[in-house]
Amino acid sequence: QKEVEQDPGPLSVPEGAIVSLNCTYSNSAFQYFMWYRQYSRKGPELLMYTYSSGNKEDGRFTAQVDKSSKYISLFIRDSQPSDSATYLCAMTSANFNKFYFGSGTKLNVKP
Amino acid sequence: EAQVTQNPRYLITVTGKKLTVTCSQNMNHEYMSWYRQDPGLGLRQIYYSMNVEVTDKGDVPEGYKVSRKEKRNFPLILESPSPNQTSLYFCASRSGPNQPQHFGDGTRLSIL
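Protein chains in written order, with this note's numbering: chain A, 1138 to 1248; chain B, 672 to 783.
Here you go:
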């Protein structure tokens, strides 16, 4: 069983839609959770970084963590064509040595 | 400009021919990591380094070596590459244990 599961998509939505991206995990030691965006032929770039359960908002992006269910989400409001990319979730435990990534969800926002 | 630079960006080579992928960062970061990215498997950590001369295995270290002789450089060495090491490789660095990782733009390796 993979440490982190993520639906690969692809997910296609019209411009302006609310997008929900999700990951589940199995290791209860994970405490820090990240979302990365990866454009084609580029490295991942950090979008959101959260610790513990709860919500964190940054502009159009909201990250949500439910540690009791081992489930994390990223919501994108008012999605734009420029949001079209692959979104990766990632997580690590308190020692921060090893990072575990989901396989990525490919998002396409249609104009 | 703060960046992580990988070279080469693309390489096609043959089984058994030793190769090195270089990674250099100009941010004075202590922590560096190597990942491989494969379809359906996501990014998997190969090796990481917490400082000069301090390295440790990630989840998929078999067939790879690393060294950290200088803070800015963290080369990935494939002593005897095999076709199952065909992949997209990323180097990343961060300033501290709980700081975000900065990724390079990747090296696509094809081993025939």
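From the three backbone atoms N, C-alpha and C, an ideal C-beta is built for every residue, glycine too. Remember, predicted model here, so these are calculated numbers, not experimental data.
Original post:
Does any CB atom of chain A fall closer than 8 Å to the CB of Pro732/B?
Top reply: no
Subject >> Residue-chain proximity (Pro1145/A, chain B), Cβ-Cβ < 8 Å >> reply: At least one chain B Cβ lies under 8 Å of Pro1145/A.
Original post:
Is Leu1183/A close to chain B, meaning its C-beta is less than 8 Å from at least one C-beta of that chain?
Top reply: Proximity of Leu1183/A to chain B, defined by a Cβ-Cβ separation below 8 Å, is satisfied.
Original post:
Between Lys1179/A, Arg1178/A, Leu1158/A, which lies nearest to Met1171/A when the distance is taken from Cα to Cα?
Top reply: Leu1158/A
**OP:** Check whether the Cβ of Tyr1186/A lies closer than 8 Å to any Cβ atom in chain B.
**Re:** yes
Subject >> Residues near Thr757/B by beta carbon distance below 7 Å, same chain, minus five either side >> reply: Leu780, Ser781, Ile782
Subject >> Cβ neighbours of Tyr1188/A in the same chain (closer than 6 Å, five flanking residues each side left out) >> reply: Correct list, in chain order: Tyr1169.
Subject >> Reference Tyr1224/A, options Tyr1162/A, Gln1201/A, Glu1182/A, closest by Cα >> reply: Of Tyr1162/A, Gln1201/A, Glu1182/A, the residue nearest in Cα terms is Glu1182/A.
**OP:** Output, in chain order, the set of chain A residues within a Cβ distance shorter than 7 Å of Asn697/B.
**Re:** The premise fails here: Asn697/B is roughly 15 Å from chain A at the closest Cβ pair, so nothing lies under 7 Å.
Original post:
Quick one: is Phe1123/A near chain B, going by C-beta distance under 8 Å?
Top reply: There is no way to answer for residue 1123/A, as the model of chain A reaches only from 1138 to 1248.
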